[in-house]
Amino acid sequence: LAVAATAVFVWKKRRRQRPPQLKYGTAGFRADAKLLWVAMERVGILAAIRGGGKKATGVMVTASHNPERDNGCKIVDTDGGMLAEAWEGRAEELARAPEAEVRVPRCDDGVVVVGRDTRRHSRGLADRVKRGVARTGARVLDVGVVTTPQLHHCVRELNEGAADASDLFGYYRKLVEAYNRIVPPGTPTVELCVDCAGGVGALAVEKLRGLLNGLELVAVNRVGDVELNRGCGAEFVQKERKPPRNYDPRRRFCCIDGDADRLVYCYGRDFRVLDGDKIAALLASYLGEYCRVGCVQTAYANGASTAYLSTRVDSLATAKTGVKHVHAKAADIMDVGIYFEPNGHGTVLFNNAKSPPERLAPFASLANQCVGDAIADALLVEAVLKLRNWSLEDWDAIYDDLPSRQLKQKIPDRALLVPDEETESRLLHPETLQLAIDDLVSKTPRGRAFVRPSGTEDVVRIYAEAASQPDADALARACQRAVA
Ligand code: NG1
Ligand code: ZN
């Protein structure tokens, strides 16, 4: 009896315990995988509730470009996009609540599509999500190891009436057909090495091999070749400006991240990086010849790209950091809204999807309309380069990046830094820190700098650009000292 009583006591205590107080950040919950077990089950419940017992929603278990030890999830809304911001608070409440306080409604006719990346703990965490979904009575559609954009695609397809999108056949067919409509057969073949960061993107690259006119994709840094996102992938290359592992300057290279929603290109022995800003510029300059184009950037966009775009697009806007913010603005701008964060996350939205100009129709099916998709974006870039008959050097030469530097600084409580709501490029608090940054900027030729708390890592991000690299480095370091 005493043993049973102890067991009941322990069980009751556990039910009253608060799980880790996670924050729904820039792109969902993200933390050390060990902290996520409870949250994942709650996320399953929330996703089912969001579907309202009728529609499909999705949960992708991934921590994207973060180190292997981290994990997280991205909740996919009924339209195939990211979870509506208004629901983030509810997701937080549910993830943080003691078990005894969780009320689980019935969502019998809903479907939650569950996918995961290649991390060791992703399968177990996805099982937790499934358990949460099952508690609501909704059906789980497990699509296994997929890229984040593939999961978004599945959700959208299901809600648009597809019987089953889980084999991804429709996803690949759409890409191949659209690309091959732009690039005719018989076009001389270009080889493109895709640095897959040791992640799931390699599976998609393999699927497309041999199917694209004039383009042979080669997966480099496949699952198991390297540790996920370490010394390779889009985040490493864009932030560190260093060649990824297994880089070969004689071959054409692009780099994607751990869940294949970011893309940057790189080339040469002097290692030049063509980032998301340059992808946006390439696509805007081409599409702008046929329709009215708008672009959305974040404060991290290189000043030279902003100057280039400002004279070439019909509308240019700045949004807060994070895809959900740039995506929303791009969906509301001109016929075609292009957004790319410098880190390579972006896409082209065809806002009058019913009637894009004839010539652009295949671009409208190639570009992922839900979220940034590294694989689709690489095909867009390759198609435009072929149409223009441009090399990577030609593309790179459209403008010269201003020298810039990004740093991170860990502080005891990054929530003390409150940026402005509009673009997150100024601090409202602490005012003294913003004044110190203003002072440093004013002393730097062509200087620009800002700091903001990251929404995906426990750090403060520091960005600086200036007329010369030493000046950009010095400005970034001085801001870092001011933050620390
Ligand atoms: P945070 O950690 O909030 O800066 C990062 C990226 C965003 C976005 C999200 C989601 C930078 C400077 N920030 O957000 O652009 O991609 O991750 O993945 O690259
Ligand atoms: Zn990613």
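Heads up: take any position in the sequence shown, counting from 1, add 8, and you land on UniProt numbering.
Ideal Cβ placement from N, Cα and C applies to all residues, glycine included.
Bear in mind that the values here come from a model prediction, so they are computed numbers and not experimental data.
Name the DSSP bridge partner or partners of residue i?
| i | result |
| --- | --- |
| Ser323 | Gly302 |
| His437 | Val426 |
| Gly33 | Gly36 |
| Asp150 | Val122 |
| Pro461 | Val468 |
| Val46 | In the DSSP output, where bridge partners are listed per residue, Val46 has none listed. |
| Phe348 | Gly354 |
| Lys82 | Met68 |
| Val234 | Val231 |
| Arg26 | DSSP output for Arg26 lists no bridge partner at all. |
| Met342 | Met342 pairs with nothing; no bridge assigned. |
| Arg456 | Glu473 |
Alpha carbon to alpha carbon, what distance is there between residue j and residue i?
| i | j | result |
| --- | --- | --- |
| Gln414 | Ala405 | 23 Å |
| Glu96 | Val84 | 12 Å |
| Pro364 | Ala372 | 7 Å |
| Thr329 | Cys378 | 17 Å |
| Glu430 | Leu436 | 11 Å |
| Ala197 | Tyr471 | A quick correction: the sequence has Thr, not Ala, at residue 197. The straight-line gap from Cα to Cα measures roughly 39 Å. |
| Val301 | Thr319 | 12 Å |
| Val11 | Phe17 | 10 Å |
| residue 496 | Ala56 | For residue 496 there is no data in the structure shown, the boundaries of the chain being 9 and 492. |
| Lys215 | Cys81 | 25 Å |
| His129 | Leu236 | 13 Å |
| Ala227 | Val202 | 5 Å |
| Val120 | Arg58 | 10 Å |
| Ala92 | Val245 | 30 Å |
| Ala35 | Gly463 | 8 Å |
| Cys416 | Asp402 | With the sequence shown as reference, residue 416 is identified as Lys, and Cys is not the correct amino acid for it. Going by the C-alpha atoms only, they are around 33 Å apart. |
| Val148 | Arg217 | 31 Å |
| Ala309 | Ser323 | 16 Å |
| Ala99 | Val122 | 17 Å |
| Val356 | Gly345 | 6 Å |
| Tyr32 | Pro420 | 19 Å |
| Pro106 | Lys247 | 39 Å |
| Ile264 | Gln477 | 26 Å |
| Asp340 | Cys303 | 10 Å |
| Pro438 | Val137 | 39 Å |
| Pro427 | Leu9 | 57 Å |
| Ala325 | Leu425 | 24 Å |
| Gly118 | Ile190 | 38 Å |
| Gly152 | Arg124 | 6 Å |
| Arg367 | Leu295 | 10 Å |
| Ala307 | Trp19 | 49 Å |
| Ile383 | Pro370 | 15 Å |
| Ala289 | Ala315 | 11 Å |
| Cys491 | Leu441 | First, the residue type needs correcting, since residue 491 is Val and not Cys in the sequence shown. If you take the alpha carbons of Val491 and Leu441, they lie about 7 Å apart. |
| Gly169 | Phe358 | 21 Å |
| Ala210 | Leu225 | 10 Å |
| Gly455 | Leu388 | 33 Å |
Assign residue i to one of three DSSP states: helix, strand, or coil.
| i | result |
| --- | --- |
| Lys451 | coil |
| Phe177 | helix |
| Val202 | strand |
| Gly66 | strand |
| Gln417 | strand |
| Val226 | strand |
| Asn221 | coil |
| Asp402 | helix |
| Ser476 | coil |
| Ile264 | strand |
| Arg280 | strand |
| Ser412 | strand |
| Cys487 | helix |
| Tyr273 | strand |
| Arg131 | helix |
| Arg164 | helix |
| Arg253 | coil |
| residue 1 | Since the displayed the chain opens at 9 and closes at 492, residue 1 lies outside it and no answer follows. |
| Arg114 | coil |
With residue i and residue j assumed to form a contact (beta carbons below 8 Å), what rounded beta-carbon distance in angstroms separates them?
| i | j | result |
| --- | --- | --- |
| Tyr407 | Ala312 | 5 Å |
| Thr155 | Asp278 | 31 Å between Cβ atoms; not a contact. |
| Val208 | Gly66 | Incorrect: roughly 15 Å between the Cβ atoms, too far for contact. |
| His161 | Tyr179 | 5 Å |
| Ala262 | Leu219 | Reading off the sequence shown, one finds Cys at residue 262, where the question assumed Ala. Contact doesn't hold; Cβ gap of about 18 Å is too wide. |
At least one CB of chain C closer than 8 Å to the CB of residue i: is that the case?
| i | result |
| --- | --- |
| Ser318 | No chain C is present in this structure, which holds just one protein chain. |
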